[in-house]
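**Q** First to last, the sequence lines map onto chains A and B. Each residue of the first sequence is one higher than the last, beginning at 1 in my numbering. Each residue of the second sequence is one higher than the last, beginning at 1001 in my numbering. We put the CB at the ideal spot given by N, CA and C, even for glycine. Could you have a look at this structure, given as structure tokens, before my questions?
Protein chains: 2
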Amino acid sequence: MKNSKRKLIILGSGFASFSTLKGIDTDLYEVVVVSPRNHFIFTPLLPSTTVGTIEFRSIIEPIRSAKENITYYQAFCTGIDTAGKRIDCTGALDGNIFSLPYDTLVIGVGAVSNTFGIPGVERYGLFLKELSDARAIRQRIIENFERASTPNLPFEERRRLLHFVVVGGGPTGVEFAAELHDFMTEDLVDSYASVLPDVSITLFEAGDALLSSFDAALSEYTVRIFQRQKISVRLHAQVAAVEEKEILLKDGSRVPYGMMVWSTGNTQTSFVRSLPFEKDRGSRLITDEYFRVKGQSDLYSLGDCATIEGKVLPATSQVAQQEGYYLARSLNAVAKGRTAAPFIYHHRGMLAYIGSNRALADLPQVKGRGFSTWIFWRSAYLTKLVSWKNKVLVVFDWMKAFVFGRDASRF
Amino acid sequence: MKNSKRKLIILGSGFASFSTLKGIDTDLYEVVVVSPRNHFIFTPLLPSTTVGTIEFRSIIEPIRSAKENITYYQAFCTGIDTAGKRIDCTGALDGNIFSLPYDTLVIGVGAVSNTFGIPGVERYGLFLKELSDARAIRQRIIENFERASTPNLPFEERRRLLHFVVVGGGPTGVEFAAELHDFMTEDLVDSYASVLPDVSITLFEAGDALLSSFDAALSEYTVRIFQRQKISVRLHAQVAAVEEKEILLKDGSRVPYGMMVWSTGNTQTSFVRSLPFEKDRGSRLITDEYFRVKGQSDLYSLGDCATIEGKVLPATSQVAQQEGYYLARSLNAVAKGRTAAPFIYHHRGMLAYIGSNRALADLPQVKGRGFSTWIFWRSAYLTKLVSWKNKVLVVFDWMKAFVFGRDASRF
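This is the structure in structure tokens:
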């Protein structure tokens, strides 16, 4: 009986792959997940973890316990042998090499942060894609506050250490700047009162608006709120290079900084670039409306590493999640000899937190902003969290931050 | 008014220093804390954090928010100028050098793990004194389970990766072995079912008993329970050297291992060793019964880095905490022109967790063991936790681990 099941390998553990995994019927498929990250992250709440509004563990779901009767390998896929129907893997922890057979392969490996080849970004910048990134940011914030508190420090050096820069005015950059502002005004204000007047936050955006995918009125509202919160917003500002203590802009000016978070969108992984399949200009794998990789059989791709031919969908968790659940249903149908209808994306709207208990909601029916929208933002994300465990933990984290404040220890 | 207050510098942020800080009257003293660690850790619950029974943040207390109107510097003290009444400091994060004046100085810098100069311990062993140690242990456990799950791994290598060794049969080593056992049998059993038969835990102790400071019957009970829990206890086992994958014992045998936690007691820091004051054979600063450093004025020392002349007190958190609270009361009295009575230690007893919801209690009036003692163990530690915040968080962590299990993600 067991051997009659088709071997399904899923590459990746982000929204697209994890949703496929959650939806797949393990009575129909023998499922193997291969990913260097052994947990799923609910990335919409990742900015909240940087300052401790939410704990790291509250927004993750271990792959091994996400579903029964699956196999998981903490490894990178390094190559696909479509003729022999095998994949090559390298252990993420020890570099051990092994290969696995598949009948059906799902490529949902996501994308990586795009530095546009700007010198110094990789070396001096911090990113915001993984929990380890969020932890590095949290530690750096506290480290800089502690360093700025050293006696006899020159004024200029203290100001530099306490200048927090965010590059990229998309939802992640905006939400991180907002959380940073809350952390400083609500929590660090007591512990670091003497240096707080020297703190500044700057958000650089190369385009002409923050949250350009949102309704224009909401985007302008965000700029106004940020100004009131003393977050300096600099539009049309392009970074030319990053040095250890200064950012060089294309207009020739130099900006001293203490921490820089880089959040300017994604680019493809070297693995996806190396695959010999048809791709679009952004190096994404081209698929049909069933997520079948163009010109290949038994090969599917979805999420940030793929694009449906003739359609343009944003690289959001909402899209990836819908794609994953669709693909699971579709594969379950295929195994039963049926065929699913093509994928259709249902846009439910966009949400963003902008600080001081205010949020934006850009929904198909309505545009909302302010405090009541923030309540909606929290409820909506709570509903979207994958497991009951995560829902309970996040609610407790919010209560904890409300009652006891956020923690400013560094360890 | 402000300038009439005496300048009190406290070095350290462990039980002794933190208790002094909590008890000191900031109307009487202008308080400065200098310590490379910006938080206090409730170390008796540190073994529980290694496997996620308790979260890291639940057992710490940031120094800056522990008390109002104090100054804190994240720095090492490197020298004391008793004639000029100043201390030299080096910033823990940036190496910046500065000096601070004092009227009264309290040295409570604690001790460091003792490797007895055994080759390889520092390089390959993990310790259990700080939260960063606990995190490193947690990550290594999961890493080894993931590596052991790689396909086609030789049997011997899998057994090696899953051999967890604890060196030192004191309370920390015993409690860590117990937590490790619980984690594996209660949580990893589902996620890593296929490799679980290859797991082993060994506890090496150089002496002839575990928990030698406890009542002999309780010590023997622990060995019996550990045997039932398949924790192999090896008494009279002395480590000669540690290599990357093998431990060499003095009897010439070689023991392959995947992770080794070293917990064999403490030795003095290089800072305390460098001080030109009178010390005992263990390099601890000798004080009188008021914690005044012998032959010095306005200089106090307590906790693991000090010893009262003619008295032998164990290096436990209980002793350090009582000393700290006493010293605060005593210094408050001195500032008011009064003198406190000499310090007297009140032994309240000892507790240890030994796994599977069983604990030991060695109290002056009664010796307890088993499940009901475990309930007592939890209640007692809850009472001892310093802040309400920590009490609430630890209770929630226990509930969380009970309902949802411990988390096995690595990030």
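Please state if the CB of A:M260 and the CB of A:G349 are separated by a distance shorter than 7 Å.
**A** Numbered from its first residue, the first sequence carries residue 349 of chain A at position 349. Numbered from its first residue, the first sequence carries residue 260 of chain A at position 260. Taking 7 Å as the Cβ cut-off, A:G349 and A:M260 do not qualify as a contacting pair.
**Q** In terms of alpha-carbon separation, which member of B:S1013, B:R1358, B:K1389 and B:W1388 lies closest to B:R1228?
**A** Taking the second sequence and counting its residues from 1, one reaches residue 1228 of chain B at position 228. The candidate whose alpha carbon is nearest that of B:R1228 is B:R1358.
**Q** Could you work out which residue in B:A1216, B:W1262 and B:N1096 is closest to A:R147 when comparing CA atoms only?
**A** Counted from its first residue, the first sequence places residue 147 of chain A at position 147. Checking every option, the nearest Cα to that of A:R147 belongs to B:N1096.
**Q** Taking contact to mean at least 3 C-beta pairs separated by less than 8 Å, is the region 1007-1020 of chain B in contact with the region 71-86 of chain A?
**A** As far as the Cβ criterion goes, the region 1007-1020 of chain B does not touch the region 71-86 of chain A, which means the pair count is below three.
**Q** Give the straight-line distance between the Cα atoms of B:Y1345 and B:Q1318, rounded to the nearest whole angstrom.
**A** As a position in the second sequence, residue 1345 of chain B is number 345, starting the count at 1. As a position in the second sequence, residue 1318 of chain B is number 318, starting the count at 1. Each residue's alpha carbon lies about 9 Å from the other.
**Q** Nearest to B:E1157 by alpha carbon, out of B:L1180, B:E1130, B:V1199 and B:G1252?
**A** One-based indexing of the second sequence puts residue 1157 of chain B at position 157. The shortest C-alpha separation from B:E1157 is found at B:V1199.
**Q** Using a Cβ-Cβ distance cut-off of 7 Å, determine whether B:W1398 contacts chain A.
**A** Position 398 of the second sequence, counting from 1, holds the residue named residue 1398 of chain B. Not closer than 7 Å to any Cβ of chain A, the Cβ of B:W1398 fails to qualify, so no.
**Q** What does A:G91 touch in chain B if you count any residue whose Cβ is under 9 Å from its own?
**A** Taking the first residue of the first sequence as position 1, residue 91 of chain A is located at position 91. E1146, R1147 and T1150, listed in chain order.
**Q** Quick one: complete beta strand (DSSP E) runs, 3+ long, within the region 1141-1174 of chain B?
**A** Runs of the beta strand (DSSP E) inside the region 1141-1174 of chain B: 1163-1167.
**Q** Do you know whose CA, among A:R281, A:F376 and A:F271, lies nearest A:G12's CA?
**A** As a first step, residue 12 of chain A must be located in the first sequence, where it is residue number 12. Looking at the Cα atoms, A:F271 is the closest of the given residues.
**Q** Skipping 5 residues on each side, what residues in its chain have a beta carbon closer than 7 Å to that of A:K250?
**A** By 1-based counting over the first sequence, the position of residue 250 of chain A is 250. Same-chain partners within the cutoff: Q238 and A240.
**Q** To the nearest angstrom, how far is it from the Cα of A:M1 to the Cα of A:D27?
**A** Locating residue 1 of chain A in the first sequence gives position 1, where the first residue counts as 1. Locating residue 27 of chain A in the first sequence gives position 27, where the first residue counts as 1. Because A:M1 sits at a pLDDT of 45, beneath the cut-off of 50, its placement in the model cannot be relied upon, and the following sentence gives the value as read from the coordinates. For A:M1 and A:D27, the distance between alpha carbons rounds to 10 Å.
**Q** Taking contact to mean 3 or more Cβ pairs, one atom from each stretch, closer than 8 Å, check whether the region 34-46 of chain A and the region 59-79 of chain A are in contact.
**A** Result yes; three or more Cβ-Cβ pairs closer than 8 Å.
**Q** With burial defined as no fewer than 16 other Cβ atoms inside 10 Å of the residue's Cβ, what is the status of B:G1052: buried or exposed?
**A** Position 52 of the second sequence, counted from the start, is the residue given in the question as residue 1052 of chain B. Buried: at least 16 other Cβ atoms inside 10 Å.
**Q** Measuring CA to CA, which of A:L21, A:W262 and A:V242 is closest to A:R254?
**A** Within the first sequence, residue 254 of chain A is the residue found at index 254, counting from 1. When each option's Cα is compared against that of A:R254, the closest is A:V242.
**Q** Could you check if A:V403 is buried or exposed, using at least 16 other CB atoms within 10 Å of its CB as the buried criterion?
**A** Walking along the first sequence from the start, residue 403 of chain A turns up at place 403. Classification for A:V403: exposed.
**Q** Determine, for B:S1191, whether the minimum Cβ-Cβ distance to residues of chain A falls below 7 Å.
**A** Position 191 of the second sequence, counted from the first residue, corresponds to residue 1191 of chain B. Yes - at least one Cβ of chain A is within 7 Å of the one on B:S1191.
**Q** Is the CB of B:S1017 under 7 Å away from at least one CB in chain A?
**A** To locate residue 1017 of chain B, count along the second sequence from 1; it is residue 17. Output row for B:S1017: interface = no.
**Q** Less than 6 Å separating the Cβ of A:K279 from some heavy atom of the ligand SAH?
**A** The ligand SAH is not part of this structure, which contains no ligands at all.
**Q** Between the alpha carbons of B:I1070 and B:G1108, how many angstroms are there, rounded?
**A** Within the second sequence, the letter at position 70 stands for residue 1070 of chain B. Within the second sequence, the letter at position 108 stands for residue 1108 of chain B. Approximately 17 Å, taken between the alpha carbons.
**Q** With DSSP as the reference, label A:K384 as helix, strand or coil.
**A** Taking the first sequence and counting its residues from 1, the one referred to as residue 384 of chain A is at position 384. Of the three classes helix, strand and coil, the one that applies to A:K384 here is helix, per DSSP.
**Q** Since B:L1008 meets chain A, which of its residues come closer than 9 Å, beta carbon to beta carbon?
**A** Against the second sequence, residue 1008 of chain B aligns to sequence position 8. Here the premise fails: no neighbours, minimum Cβ distance about 17 Å.
**Q** Kindly indicate which three-state DSSP category A:D362 falls into: helix, strand or coil?
**A** Position 362 of the first sequence holds residue 362 of chain A. Three-state result, A:D362: strand.
**Q** Taking 7 Å as the threshold (beta carbon to beta carbon), is B:E1143 in contact with chain A?
**A** As a first step, residue 1143 of chain B must be located in the second sequence, where it is residue number 143. B:E1143 counts as touching chain A.
**Q** How do the region 1328-1344 of chain B and the region 1018-1027 of chain B stand: do at least 3 beta-carbon pairs fall below 8 Å, yes or no?
**A** Enough Cβ pairs lie closer than 8 Å, so yes.
**Q** Find out if the Cβ-Cβ distance for the pair B:D1187, B:G1355 is shorter than 7 Å.
**A** Your numbering for residue 1187 of chain B matches position 187 in the second sequence. Your numbering for residue 1355 of chain B matches position 355 in the second sequence. Cβ atoms of B:D1187 and B:G1355: not closer than 7 Å.
**Q** Go ahead and pull the three-state DSSP assignment for B:T1049.
**A** The residue you call residue 1049 of chain B lines up with position 49 of the second sequence. The answer is helix: DSSP assigns B:T1049 an H, G or I state.
**Q** Let me make sure I understand the geometry here. Which of A:F214, A:R284, A:S409 and A:V174 has the alpha-carbon closest to that of A:L46?
**A** Taking the first residue of the first sequence as 1, we reach residue 46 of chain A at position 46. The option with the nearest alpha carbon to A:L46 is A:V174.
**Q** May I ask you to list, following chain order, the residues of the region 1150-1183 of chain B that have a beta carbon less than 8 Å from some beta carbon of chain A?
**A** So the close ones are T1150, P1151, N1152 and L1153.
**Q** With a threshold of 7 Å between beta carbons, is A:N96 in contact with chain B?
**A** Locating residue 96 of chain A in the first sequence gives position 96, where the first residue counts as 1. Yes, because at least one Cβ of chain B sits closer than 7 Å to the Cβ of A:N96.
**Q** Nearest to B:Q1117 by CA position, among B:P1151, B:T1264, B:I1141 and B:V1223, is which residue?
**A** Position 117 of the second sequence holds residue 1117 of chain B. In the sequence on display, residue 1117 of chain B carries Gly and not Gln. Selected option, being the one with the closest Cα: B:T1264.
**Q** Distance check for B:S1283 and B:P1276, CA to CA, integer angstroms please.
**A** Working through the second sequence from its first residue, we reach residue 1276 of chain B at position 276. Working through the second sequence from its first residue, we reach residue 1283 of chain B at position 283. Roughly 11 Å separates the two Cα atoms.
**Q** Between the alpha carbons of A:W341 and A:G368, how many angstroms are there, rounded?
**A** Taking the first sequence and counting its residues from 1, one reaches residue 341 of chain A at position 341. Taking the first sequence and counting its residues from 1, one reaches residue 368 of chain A at position 368. The sequence given here places Ala at residue 341 of chain A; Trp does not occur at that position. Going from the Cα of A:A341 to the Cα of A:G368 covers about 34 Å.
**Q** Could you name the residues of the same chain whose beta carbon sits closer than 7 Å to that of B:A1380, not counting the 5 residues immediately before and after it, in chain order?
**A** For this step, residue 1380 of chain B is matched to residue 380 along the second sequence. So the list reads L1351, once near-sequence residues are dropped.
**Q** Enumerate in chain order the residues of its own chain whose CB-to-CB distance from A:G91 is below 6 Å, with the five nearest sequence positions on each side excluded.
**A** Locating residue 91 of chain A in the first sequence gives position 91, where the first residue counts as 1. Cβ neighbours of A:G91 beyond the five flanking positions: A75.
**Q** Using beta-carbon positions only, say whether A:S452 and A:V195 come within less than 7 Å of one another.
**A** Shown here, chain A extends from 1 to 411; a query on residue 452 of chain A therefore has no answer.
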